[in-house]
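When you line the sequence shown up against the numbering used here, it's residues -14 to 59, in that order.
We treat Cβ as the ideally placed atom computed from N, Cα and C, and that holds for glycine.
To keep things clear, I will list the structure first and then write my remarks on it.
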Amino acid sequence: MPSFISGPIKITHVSGDGTVNFGDVLQIAPKSTSKSHTGSGGSNNGDFLQTNTFVSFTNTGDPDTIDANKSANN
């Protein structure tokens, strides 16, 4: 289904493996994967932000060995 965008769009940066899509798409498959651990409010981005975090705990335990299978996408 075609997309109709009725407002302003601000894209400031797309990294080398990033994807920006508007409109029809059947499948978007990742070419690379990564994992990051950030606390509460750590990955926010935008023009006018205000975060109030009083207590934050980040659980970094990951017992599984494979999170995303991307070997067939390259």
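- A check of alpha carbon separations from valine 40 across Gly1, Lys(-5), Ser25 identifies Ser25 as the nearest.
- Straight across, the Cα-Cα distance linking threonine 38 with isoleucine -4 is about 27 Å.
- Between the alpha carbons of leucine 34 and aspartate 49 lies a gap of roughly 34 Å.
- Closest in alpha carbon position to isoleucine 13, among Thr4, Ser21, Lys20, is Thr4.
- If the five residues before and after serine -12 are omitted, its C-beta is found closer than 6 Å to the C-beta atoms of Phe7, Gly8, all from its own chain and listed in chain order.
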